[in-house]
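So the structure is just underneath, and the comments pick up after that.
Number of protein chains: 2
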Amino acid sequence: MAEPGARDRMIDGAAVLLAKRGLQGASFSEVLEATGAPRGSIYHHFPGGKDELVAAAIARVSERTLARLTELGGSATSLTEGFLGLWRALLDRSGLTAGCAVVAVSVAASDDLLDRAGTVFREWTAHLAALLEEAGVAPARAASFAVLLISATEGAVVMARAQRDLAPFESVAATLMASARDLDADAAS
Amino acid sequence: MAEPGARDRMIDGAAVLLAKRGLQGASFSEVLEATGAPRGSIYHHFPGGKDELVAAAIARVSERTLARLTELGGSATSLTEGFLGLWRALLDRSGLTAGCAVVAVSVAASDDLLDRAGTVFREWTAHLAALLEEAGVAPARAASFAVLLISATEGAVVMARAQRDLAPFESVAATLMASARDLDADAAS
DNA sequence: GTCTATACGAAGATAGAC
DNA sequence: GTCTATCTTCGTATAGAC
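Okay, structure coming up:
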């Protein structure tokens, strides 16, 4: 019952290609080559064509990110460490050749896909802010730190990748971790 | 003497299209249509093809950014305000449809162009750090704040554009301005 | 410096057989 | 569900005339 996996593999493959080579690099040919999925069933699985595939890919990236954030819970420090860890792992695993699939879509997509990317960022921001509040951070500070954490991390990933050097990422990570410790200290008092 | 302007217009046009539509959106056809430049002279002006045009475009964006930063000088506060102002103006002028051309190249380019984008980020970071030091900020703090300012701003531009809402940018801007005031306060003491 | 014409390949998408 | 074949559009790039 349900799909045997071809559709799933295509979605994951598209997510990887978006992260590594951008929207134009995530062509059907590339996705099929990377996943071994059958060419004949592209439009069976994705009647909406490439946009539908890309939308599914960034939705999956979003869900996974949200799920991992939830597991982190606890303090502002652990949330920040965990969020940074997700992107550090992406850079490490790829040898600094991959970035964020959502960012890749945000800079070169149709209006519909741009909207979906915006929704992903809103979800991440809201989820992070809610978890920070659970950790005892005041709502206003939780909201502004959530936006800063996401934007600075995403920007740092872009810089580290372009410079082929993890240094800018680690510099930003250290600064954000210091801020997170301040949040926890204030929450405890 | 020198070029009458066709080459210059193409470079500027490419920069605008990169910012608005990404690398694949900055095709020769689009650039020619946007600038009115003659199709027959593309490879006269850019023997290296598209990569050479894109390289020239992000180099020009970089130069302009560096020049404007130099004009700002003064304090950490004025530098931060000015840097944020450059990107706020970009978002405003375009109705939140344009982003940073260098980021667009960083997520979807050839190795050579990726290197050039990395060089741009290094130049911005070094220049900002140097100006912060002139403003009395300690070298280590100047370096880390320069990286944070660039990465957070770039990330915020991506988020604001995707969400079609300036709010995330302004939230990040407020946080960065508060940090800049701290730097100035410490520099004065 | 600019033109037309064109070669070449890649990409998205569709049709119809199996 | 998957295949092959094909269509169309587009983008890069080249050649040679003006």
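Chains as they are written, first to last, in our numbering: chain A, 14 to 202; chain B, 14 to 202.
A virtual CB, placed ideally from N, CA and C, is assigned to each residue, including glycine.
- A check of alpha carbon separations from residue 135 of chain A across B:27, B:180, B:26 and B:49 identifies B:180 as the nearest.
- Taken atom to atom, the span from the alpha-carbon of residue 79 of chain B to that of residue 137 of chain B is near 7 Å.
- Note on geometry: alpha-carbon atoms of residue 157 of chain B and residue 33 of chain A lie some 27 Å from one another.
- If only complete runs of 4 or more residues are kept, the region 87-155 of chain B shows the alpha helix (DSSP H) at 89-106, 114-119 and 124-147, in order along the chain.
- Take residue 127 of chain A, set aside five residues on each side of it, and the residues of its chain with a beta-carbon closer than 8 Å to its own are 118 and 119, in chain order.
- Judged by beta-carbon spacing, residue 114 of chain B lies within the 8 Å limit of residue 28 of chain B, meaning their Cβ atoms are closer than that value.
- Relative to the Cα of residue 198 of chain A, the nearest Cα in the group A:166, A:21 and A:149 belongs to A:149.
- Taking 8 Å as the CB threshold, residue 44 of chain A stays off the interface with chain B.
- Interface annotation for the region 178-190 of chain B against chain A: 178, 180, 181, 182, 184, 185, 187, 188 and 189, criterion Cβ-Cβ distance under 9 Å.
- Sequence-distant Cβ neighbours of residue 66 of chain B in its own chain, meaning closer than 6 Å and more than five residues away, are 27 and 59.
- In the DSSP assignment, residue 22 of chain A falls within the alpha helix (DSSP H) that extends over 19-38.
- The alpha-carbon of residue 64 of chain A is positioned some 11 Å away from that of residue 41 of chain A.
- The C-beta of residue 71 of chain A comes no closer than 8 Å to any C-beta of chain B.
- Residue 121 of chain B places its beta carbon less than 8 Å from that of residue 38 of chain A.
- Per the coordinates, the alpha-carbon of residue 74 of chain A lies some 9 Å from the alpha-carbon of residue 133 of chain A.
- In the three-state scheme derived from DSSP, where H, G and I count as helix and E and B as strand, residue 177 of chain A is classed as coil.
- Cβ-Cβ distances below 8 Å link residue 170 of chain A to 100, 103, 104, 112, 113, 116 and 182 in the same chain, with the five nearest sequence neighbours on each side left out; the list follows chain order.
- One finds nothing in chain A with a Cβ atom closer than 7 Å to the Cβ of residue 108 of chain B; even the nearest lies about 13 Å away.
- Listed in chain order, the non-local C-beta contacts of residue 152 of chain B below 8 Å within the same chain comprise 142 and 146, local neighbours out to five positions each way being set aside.
- When C-alpha distances from residue 160 of chain B are compared across A:186, A:190, A:163 and A:160, the shortest belongs to A:186.
- For residue 171 of chain B, a Cβ of chain A is located within less than 8 Å of the residue's own Cβ.
- The C-beta distance from residue 109 of chain B to residue 177 of chain B rounds to 5 Å, short enough to fall under 8 Å.
- Around the beta carbon of residue 53 of chain A, a 10 Å sphere encloses fewer than 16 other beta carbons of the protein chains shown; the residue is thus reported as exposed.
- Between the alpha carbons of residue 51 of chain A and residue 57 of chain A lies a distance of about 11 Å.
- The Cβ of residue 35 of chain B sits closer than 8 Å to at least one Cβ of chain A.
- Spanning the alpha carbons of residue 175 of chain A and residue 174 of chain B requires a straight line of approximately 21 Å.
- In this structure, A:71 is the residue among A:45, A:55 and A:71 with its C-alpha nearest to the C-alpha of residue 130 of chain A.
- Distance from the CA atom of residue 85 of chain B to the CA atom of residue 140 of chain A, rounded to whole angstroms, is 37 Å.
- A residue is called buried once 16 or more other Cβ atoms fall within 10 Å of its Cβ, and residue 68 of chain B is buried on that count.
- With fewer than 16 other beta carbons inside 10 angstroms of its own, residue 201 of chain B counts as exposed.
- Taken residue by residue, none of the region 80-95 of chain B has a beta-carbon sitting less than 9 Å from a beta-carbon on chain A.
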